[in-house]
Every structure is written in C-alpha cells, then in structure tokens.
Amino acid sequence: MSSTDKAIRQAVQAGFDLSLLEVSLALTLEERVRQHDAALELVTALRSAGRQLHAKPRTPPAKAR
Amino acid sequence: MQSLGRLLQKLADSGVDFVVVGGFAGVLHGSTLVTRDVDLCAVLTAESVQRLRICLRDLHPRHRMTSRKLSFLDHPTAGSKLKNLYLETDWGTVDILTKIAGLGDFARVRAQAMEIDLFDRKIRVLSLEDLIQAKEALGREKDLLAVKELRAIAAKSRTKQA
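The structure is reproduced here in structure tokens:
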C-alpha cells in the first residue's frame, strides 16, 4: 500500500468524510475562511442553546402565607 | 459578532510580522475541523505589542487566562517581557506564541512558512509539513486526530501534482 493510500485510509478510519474534504479543498482560501466562520458561529450558537437547555431551573421564591 | 476571518484581516493590517499556525492554518490548508481561535507565531517586542494594542483597541482585547480578564490595553505594563499572549476579543480569540512545539522560534517557523493572498493581503501560513510536525509534537488526542486529516490533505495534494 502506498503512503498516499495509507494516509487516506487512516483518515477514513478516524471518521473523516472524504467527500467533505474534497469540497473544502475545492474552495478558494477566502471561501474556506468564510465557511469556517459560519461553522464556528453555528457551533457557538449550539453550545449556547445546550447550556440553556441543561441549566438548572431557578427555584421560585417561596410564597408568603 | 465573532469572526476569525475578520480578526485575521485586522491583525494582518497591524504591521506585526507573524505566521498563522495551529488549527486556523489547518483551515487554510483545507481542513474541515472547526477551531475556536486564531493562533499566531510572532516575536513579542515592545514595538509589536504596541502595534497589537493599536490594532485591537476597538475590540476590547483582554487576557483570557487571567481570572479578572485584564485588559490587554493596560496589561502588561511597558517593558515587560512576554512569552505568549492569550487574548479574547469581540471578534474572537487570538493566541500569539513566540515558539512552536516541535519546530522552534519565530525565525524557524517563518523560514518554512508559505505566503498566501487572502482578502487582498499577504499572509504567512505554516507549511502543511510543519503543521503536521507541530501537531504531532503537541501529541494531544485532538491534535493527533487533526494530523490524520492533514496527512490525507498532503496525500491528495501529492496525487494532484503527480
């Protein structure tokens, strides 16, 4: 097996989607940066939503009787 | 709003000589992995720190590793020797390192870096081979995972050139 084939096989085994990599490599440098910024924005929004989802509900103040 | 692309453009206009390293260098080489910061290698002289302060002053730069998030505009005081800077800004996080694991100091990193045209600016980026070497030297699981993709990128590049 050539070193090229080995590198590709190891990336696939590690879980990388080669079709996504092909798409990324076909982009211009500017497009890669813009696409990355968009992905980071999404990751940040998802993390924020996750934090809200798992945040402990506030205990309502006890009512005076 | 966070934008590492805009942050990098702003830093490129600062006049500080730097090389893009780390995950963002991977992005420029075509990696699909998302990174949360821009890592740069530079020499942190009094002059370059001053240039960075002027460049970042509108973005509220603060030392993200300090508990009180001290402002980079006030700390450290002039004349302090700096090894690295770990900053948080309104546009995202930027780490400025004077040495890169597995490679060496700025002179070594810059010597093998490639110059690219990005948003009408000339920007130096760590070569793919050096990026692989640096990530292997770090040896963390996430770096070794990134190396697998970077090796695939290098392999595809070789195939394309052949």
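Chains as they are written, first to last, in this note's numbering: chain Y, 1 to 65; chain B, 1 to 162.
For each residue, glycine too, the CB sits at the ideal point set by N, CA and C.
Quick caveat, the model's predicted, so the values are computed rather than measured.
Keeping to the same chain, check which residues put their C-beta closer than 7 Å to that of S3(Y); ignore five residues upstream and five downstream. none
From this set, L40(B), K142(B) and T32(B), which residue's C-alpha is nearest I123(B)'s C-alpha? L40(B)
Please decide whether T159(B) counts as near chain Y, where near means a Cβ-Cβ distance under 8 Å. For T159(B), at least one C-beta of chain Y is nearer than 8 Å to its own C-beta.
Let me confirm a value: E47(B) is counted as buried when at least 16 other C-beta atoms fall within 10 Å, else exposed. Which label applies? Looking at its Cβ environment, which holds fewer than 16 other Cβ atoms inside 10 Å, E47(B) is exposed.
For H63(B), write down the residues that DSSP places opposite it in a beta bridge. L87(B)
Across the region 10-29 of chain Y and the region 150-157 of chain B, are there enough close Cβ pairs to call them in contact, namely three or more that are closer than 8 Å? In short, these stretches touch, since the Cβ pair count reaches three.
Report the rounded CA-to-CA distance for V19(B) versus R62(B), giving the unit in angstroms. 21 Å
I want to verify the contact list: residues of chain B whose CB lies under 9 Å from the CB of T45(Y), in sequence order. At residue 45(Y) the sequence reads Ala, which differs from the Thr that was named. Going along chain B, no residue has its Cβ under 9 Å from A45(Y), so there is no contact; the nearest lies around 10 Å.
Proximity to L40(Y) [Cα-Cα], best of R121(B), G104(B) and S3(B): S3(B)
Reduced DSSP secondary structure (H/G/I, E/B, other) of F106(B): Assigned with DSSP and collapsed to three states, F106(B) falls in helix.
Using a cut-off of 7 Å between C-beta atoms, extract the partners of G5(B) located in chain Y. V33, R34 and D37
So that I know if they touch, is there some Cβ in chain B lying closer than 8 Å to that of T59(Y)? Judged by the 8 Å Cβ criterion, T59(Y) is not in contact with chain B.
In chain order, what residues of the same chain have a beta carbon less than 6 Å from the beta carbon of L87(B), not counting five sequence neighbours either side? The answer, listed in chain order, is P61, F72 and V94.
Assigned secondary structure, S2(Y) (DSSP; H/G/I helix, E/B strand, else coil): Three-state DSSP puts S2(Y) in coil, outside helix and strand.
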